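Worksheet: one structure, shown below.
Residue numbers (the numbering used here), protein chains in the order written: chain A, 716 to 933; chain B, 253 to 649.
Laid out in structure tokens, this is it:
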């Protein structure tokens with residue numbers, strides 16, 4: 716948990732650094748005056764709420780699914796409770812600011828957004844298998860089992876089907892996107908740290924081989 | 253909605269092909285396809301706008317623009333996509349379907365086993381229970397589908413009844429639990445486990461589909477195998493089917509016991525049901541509904557003859573009438589076209605001499621139970637079964 720706390724502090728610092736650059740939400744006054752500490756505090760808190768949203772909601776669905784909703788405060792609070800009950804790892808101390816961010820940004824009387832349009836071919840791009848034979852060496856599922864147990868199971872569960880912090884990895888499209896898989900392991904994603912100094916490319920390939928072996932019908 | 257504004261009229265050649273191809277095949281009952289394959293009509297439509305409205309990119313939830321729904325058969329790449337957890341990345345190799353629970357012989361079938369059984373094909377409408385959720389006021393949470401979480405495809409595969417007979421259903425069985433291979437993202441997230449009553453499972457039109465519009469069932473639509481339960485909302489038509497379990501009771505869990513339920517009696521908009529177990533019933537049969545697919549909302553038209561066209565469907569039974577009202581004037585009966593197959597939809601059209609100026613078009617369908625689309629759809633907190641009469645505004649000039 717120590718590294719997790721460090722990661723969280725890192726996110727907070729990044730949020731502070733980004734404040735002058737960030738795109739204002741629709742209810743955030745775009746001309747926040749530097750000498751208005753209350754407005755600044757409000758903006759800051761909303762930005763922290765947005766960070767909580769990105770870190771804890773987007774591993775399971777795209778942001779559009781949430782940002783297209785226009786709900787009452789009670790409905791937003793209920794949705795967040797439902798998702799936490801379903802395993803979203805929102806830290807308890809961040810729940811309130813997540814709810815407040817959603818209430819302020821996507822209120823029930825707000826205008827409905829224009830949704831993006833894509834052909835089915837383009838819409839499936841994020842989940843389409845990538846032929847990237849050079850992205851990783853060929854892996855060994857038996858070696859992968861031990862590596863997953865050591866490095867992945869704490870967050871993703873011993874069976875890879877999800878744990879307290881990490882979502883299910885079995886039968887996920889990314890298992891057939893080796894370049895993306897390697898990139899996520901190198902750089903980390905959302906609340907997951909990068910493993911570039913922990914796992915060699917061969918070891919990454921071994922974890923992938925194990926996850927794939929657990930995904931085919933038994 | 254600007255992309256809706258300029259749809260091409262349905263090509264007469266396609267309609268002609270439809271009429272010629274179907275000949276006398278139309279009629280209620282088991283579908284017998286004797287003419288052109290639906291895939292060939294899809295080819296015709298390919299040049300037209302192909303985009304879907306994206307509600308959620310991963311997992312994919314995408315709706316068809318209403319102006320792209322004018323064909324009797326909806327092409328695969330325009331058919332709406334609803335995923336709770338997304339297509340499992342497994343592939344068809346080694347796919348197994350298990351049948352267990354209250355059966356004489358628990359069995360496991362491969363896709364080859366299914367291919368060796370009696371094959372059936374039929375057109376059926378699949379519509380998300382929440383199609384129209386985005387039109388309810390006050391707003392309700394969930395994917396804000398407008399009109400296009402619906403489509404009519406030709407599904408083929410084996411009768412669920414035949415599969416169950418191979419395992420031997422025991423007398424105590426009352427429900428069939430349906431579970432797909434899509435895994436929830438987290439152990440605390442409920443699996444998309446659904447069930448249908450045994451009598452619906454034994455209905456000869458309830459099938460396990462391995463093909464859609466003549467093509468192997470694509471993974472986004474539940475391939476290699478999905479359930480298709482005609483006349484009922486599409487949440488029963490479980491995708492990526494892996495397990496059938498016979499049981500005395502309905503399936504446990506959120507998606508059967510909490511989700512997909514509506515108030516037993518009409519409640520005022522915004523009301524909260526205090527005791528969900530006592531006052532709600534499962535959403536099962538679809539209700540009667542129509543869509544105007546041409547002209548589109550906001551479309552600019554030239555004065556003169558305009559074809560107002562659309563589709564209409566219902567749950568069990570048949571669509572008996574579609575009527576159109578221009579500028580809230582008298583209801584005029586439209587011509588119902590295309591084959592009539594229970595569980596499928598009808599296309600319809602009405603010629604209109606359009607004078608210059610702004611106009612409002614409305615359509616309402618009536619079914620064989622005497623049900624007609626209402627002016628207002630009964631509000632429910634999950635936004636199910638929207639079927640209110642809608643308005644399409646056009647500018648003629």
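Note that the Cβ used here is the ideal one computed from N, Cα and C, for glycine as well. Please read these numbers as outputs of a predicted model, since none were measured by experiment.
Cβ of residue i within 8 Å of any chain A Cβ
{"i": "residue 440/B", "result": "yes"}
{"i": "residue 465/B", "result": "no"}
{"i": "residue 641/B", "result": "no"}
{"i": "residue 546/B", "result": "no"}
{"i": "residue 307/B", "result": "yes"}
{"i": "residue 391/B", "result": "yes"}
{"i": "residue 340/B", "result": "yes"}
{"i": "residue 347/B", "result": "yes"}
{"i": "residue 314/B", "result": "yes"}
{"i": "residue 515/B", "result": "no"}
{"i": "residue 351/B", "result": "no"}
{"i": "residue 476/B", "result": "no"}
{"i": "residue 310/B", "result": "yes"}
{"i": "residue 359/B", "result": "no"}
{"i": "residue 304/B", "result": "yes"}
{"i": "residue 499/B", "result": "no"}
{"i": "residue 329/B", "result": "yes"}
{"i": "residue 387/B", "result": "no"}
DSSP-derived helix/strand/coil call for residue i
{"i": "residue 919/A", "result": "helix"}
{"i": "residue 810/A", "result": "helix"}
{"i": "residue 913/A", "result": "coil"}
{"i": "residue 824/A", "result": "coil"}
{"i": "residue 375/B", "result": "strand"}
{"i": "residue 420/B", "result": "coil"}
{"i": "residue 316/B", "result": "coil"}
{"i": "residue 307/B", "result": "strand"}
{"i": "residue 858/A", "result": "helix"}
{"i": "residue 648/B", "result": "strand"}
{"i": "residue 845/A", "result": "coil"}
{"i": "residue 541/B", "result": "strand"}
{"i": "residue 740/A", "result": "The predicted model places residue 740/A with a pLDDT of 42, which falls under 50 and marks its position as unreliable; any figure quoted below should be read in that light. Coil."}
Beta-carbon proximity list for residue i, same chain, < 6 Å, skipping 5 on both sides
{"i": "residue 402/B", "result": "379 and 383"}
{"i": "residue 366/B", "result": "410"}
{"i": "residue 577/B", "result": "583 and 614"}
{"i": "residue 351/B", "result": "359, 419 and 496"}
{"i": "residue 333/B", "result": "312, 314 and 472"}
{"i": "residue 788/A", "result": "818"}
{"i": "residue 492/B", "result": "340, 432, 433, 434 and 474"}
{"i": "residue 637/B", "result": "539"}
{"i": "residue 810/A", "result": "none"}
{"i": "residue 588/B", "result": "598 and 600"}
Closer than 8 Å to chain B by CB, residue i
{"i": "residue 864/A", "result": "no"}
{"i": "residue 900/A", "result": "no"}
{"i": "residue 854/A", "result": "no"}
{"i": "residue 771/A", "result": "no"}
{"i": "residue 801/A", "result": "yes"}
{"i": "residue 907/A", "result": "no"}
{"i": "residue 833/A", "result": "yes"}
{"i": "residue 848/A", "result": "no"}
{"i": "residue 931/A", "result": "yes"}
{"i": "residue 921/A", "result": "no"}
{"i": "residue 821/A", "result": "no"}
{"i": "residue 818/A", "result": "no"}
{"i": "residue 963/A", "result": "A query on residue 963/A cannot be resolved here, the shown segment of chain A reaching from 716 to 933 and no further."}
{"i": "residue 841/A", "result": "yes"}
Beta-carbon proximity list for residue i, same chain, < 7 Å, skipping 5 on both sides
{"i": "residue 885/A", "result": "875, 876, 926, 929 and 930"}
{"i": "residue 392/B", "result": "385, 633, 634 and 635"}
{"i": "residue 606/B", "result": "553, 555, 556, 558 and 648"}
{"i": "residue 337/B", "result": "311, 434, 435, 436, 437 and 444"}
{"i": "residue 603/B", "result": "557 and 559"}
Own chain partners of residue i with C-beta closer than 8 Å, once the 5 adjacent residues on each side are dropped
{"i": "residue 484/B", "result": "448, 452, 536, 537, 538 and 567"}
{"i": "residue 890/A", "result": "884, 896, 923, 926, 927 and 930"}
{"i": "residue 903/A", "result": "909 and 910"}
{"i": "residue 516/B", "result": "531, 532 and 533"}
Identified DSSP bridge partners for residue i
{"i": "residue 907/A", "result": "904/A"}
{"i": "residue 949/A", "result": "A question about residue 949/A goes unanswered here, because the residues of chain A that appear run from 716 up to 933."}
{"i": "residue 229/B", "result": "There is simply no residue 229/B to check, as chain B begins at 253 and stops at 649 in what is shown."}
{"i": "residue 467/B", "result": "464/B"}
Cβ-heavy atom distance, residue i to the ligand HEM, below 7 Å
{"i": "residue 463/B", "result": "The ligand content of the structure shown is nil, which means the ligand HEM is not present either."}
Beta strand (DSSP E) runs wholly inside the stretch 318 to 353 of chain B, at least 3 long, in chain order: Counting only runs of 3 or more, we get 348 to 353.
Those runs of the beta strand (DSSP E) which lie wholly inside the stretch 600 to 646 of chain B and span at least 3 residues: Counting whole runs of 3 or more residues, the stretch 600 to 646 of chain B contains the beta strand (DSSP E) stretches 609 to 619.
Contiguous alpha helix (DSSP H) assignments of at least 4 residues, all confined to the stretch 479 to 509 of chain B: Under the rule that a run must span 4 or more residues, the alpha helix (DSSP H) segments found entirely inside the stretch 479 to 509 of chain B read 506 to 509.
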